[in-house]
Structure formats: C-alpha cells, structure tokens
Amino acid sequence: MKQGTENGAAPNEAAGNQERIEEARQLAYDHGLPFSSRPSQGAEDDLDPYTYDASMTPEDFELMQQRRQAHQELKSVVAMYDPDMAPKKIDEIASVAAELHLDRQQLWRLLSMFDTIAAAAKQLAEKLLELLQLIAEWAAKSLPRQLMEAAMHAYAPPKWWHYYKHAKKSRVRKKYEHRIRDSMLAALAALREEGEGCRECITPAPSVAPI
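Take the sequence shown: its letter number 163 is residue 182 in our numbering, and every next letter is one higher.
So, in structure tokens, the structure goes:
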C-alpha cells in the first residue's frame, strides 16, 4: 500500500473505491436498508449485530438493529402459527414478510386467512362428494341397471367405487375418492370439448351472395 502511494496509483484507486462506496450507500438509503462499507466474502464476514464498528454510521447501525428485531418478531409470529415448522422455513417466511413490509398483526391475519381458505376448500370438496353420492344413489334407483353400469364405467371403474365405500383404511378411501373425482372431471371436460366441437360442426357457413 505504501509503494502504491509513492507511484501515485493508490490515491486514484482509493478515490474510485470511495466513490463506489458512496453510490452503494445511497442505493441502500433509497431502499431503506442499513449500509456497511466493510467488504464481505461470505457468511463468516457477516456483521456482529451486538458490536458496533466504524464500517457503519450510527444511523445505519440503529436501522440494522430495528430490522433485526422486526425480523425476530415476524419469526415468532410464524412459529406461533405453526410450532412444528422447520426453523429454516420460518426464517424464509419471515424474510418474505419483511420484504412486503408486513407487521406482526398483518402477518398473523394473512396466515390465519390461509386456514380459512383451506377450511372452505375442504368443506366445498365434502359438499361436492355428498352431491355426487346423492346423484349416484338416485341413478342407482332410477336408471336401468345396464345404463347405470355404463355410466359408472364412463366415469370410474366399479372397483374404485367399491374401495371408496368399503375400504377399512381412510388412506385407501381417500386415494380412490381422488381417483373417482379426477376421472369424473376428465369425463365432463371431454364431454364439454365434444359439445363445443359439435356446435362448430353445425354452425352454418356464411352465405355468399351470387355474382
């Protein structure tokens, strides 16, 4: 460093470095982030949040402490919401919440909203299955046996229905419940596509005026 100062190269380099540091500092300020001029090559060079050094202004150090405290508070909210969640996942969610500038109350309401949506989706699925069951029972009583068997095979094999109704393990019932649902949805989608194709087929061609 002393040799560079003597030949005049180091002062120019130092001035350029200082200029880049000030640009980076201003960029951090623009985004509300604390700034440190100390070089960092990895996690081992991270700042000690409990020790102040000259690489940060007092304002930057205070901002770092505030953000650290806010991050810990957000982590506590996530941990309270799901005590069994992995620490890494808790930290990731807290980091995203911090980027969105959510406070503790806002994050808690958002997490609780997920529970409400999941419960509503589950209730809707249960109601749909009840409706399908009622339709199946009505069809079994009202439709001819051959037509009923054809409809059953069109949506799902009878074996699936048997396992869905009579399997002892809930896991097996759930498995075939999903298979039947997916099969019905696929069949309905196919019917819809066929219907749209038929409408295209019967659409009259535009009339052409005689020349």
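The beta carbon of each residue, even a glycine, is placed where N, CA and C say it ideally should be.
Since residue i and residue j are thought to touch, with beta carbons under 8 Å apart, how far apart are those beta carbons, to the nearest angstrom?
i	j	result
Ala-117	Ala-89	6 Å
Classify residue i as helix, strand or coil using the three-state DSSP reduction.
i	result
Pro-177	helix
Asp-103	coil
His-120	coil
Gly-27	For Gly-27, the predicted model reports a pLDDT of 47, less than 50, meaning its position is unreliable and no value from the coordinates is stated.
Arg-39	helix
Ala-186	coil
Please classify residue i as buried or exposed, where buried requires at least 16 neighbouring CB atoms within 10 angstroms.
i	result
Val-191	exposed
Arg-218	Annotation note: pLDDT 42 at Arg-218 (below 50); position unreliable, no value reported.
Ile-109	buried
Asp-79	buried
Ile-136	exposed
Glu-196	buried
Ala-140	exposed
Ala-138	exposed
Would residue i and residue j qualify as a contact pair, given that the criterion is a beta-carbon distance under 8 Å?
i	j	result
Leu-93	Leu-126	yes
Met-104	Val-97	yes
Using only alpha-carbon positions, find the residue among the options that is nearest to residue i.
i	options	result
Leu-10	Asp-122, Lys-141, Glu-42 and Arg-200	Here the chain has residues from 20 to 230 only, and residue 10 is not among them.
Arg-86	Val-97, Ala-113, Met-104 and Pro-102	Ala-113
Leu-148	Pro-102, Tyr-100 and Lys-193	Lys-193
Arg-128	Met-99, Gln-142 and Arg-198	Met-99
Arg-5	Gln-142, Pro-106, Gln-91 and Lys-146	With the chain running from 20 to 230 in the structure shown, residue 5 is simply not present.
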